[in-house]
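I have placed the structure first, in the form of structure tokens, so that the comments after it can refer back to it.
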Amino acid sequence: MLSLVKTAAVVAVVASTALGATIPTFTQAQIDSGEAMRQLGKIAYDTAMARAAKATTGCTADKVKIRKEW
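Using the working numbering, the first residue of the sequence shown is number 2, and each one after it goes up by one.
In structure tokens form, the structure reads like this:
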């Protein structure tokens with residue numbers, strides 16, 4: 002589970018850096034309960050939608066695919 006949190010955090014950080022989103026700091030309880038994953042997933046989703054909204058060709062919001070692997 003921890004590796005998923007780390008992976009999601011890296012993805013969210015990389016994606017949000019381009020848009021200036023802030024990645025919160027999570028407590029161990031938030032990580033254990035899954036709250037950290039929910040928040041990181043929302044940040045990643047919001048970032049993807051914001052980037053797609055700015056697209057002029059190719060990747061648009063209606064073409065963004067959401068994968069849920071956990």
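Here a beta-carbon is modelled for each residue, glycine too, at the ideal position from N, C-alpha and C.
Straight-line gap, Gly59 to Ile67 (C-alpha atoms, nearest Å):
17 Å
Going straight from the alpha carbon of Pro25 to that of Lys43, what length do you get?
12 Å
With a Cβ-Cβ cutoff of 7 Å, do Ala53 and Thr61 count as a contact?
yes
So is Thr48 buried or exposed if we call it buried at 16+ other beta carbons inside 10 Å?
buried
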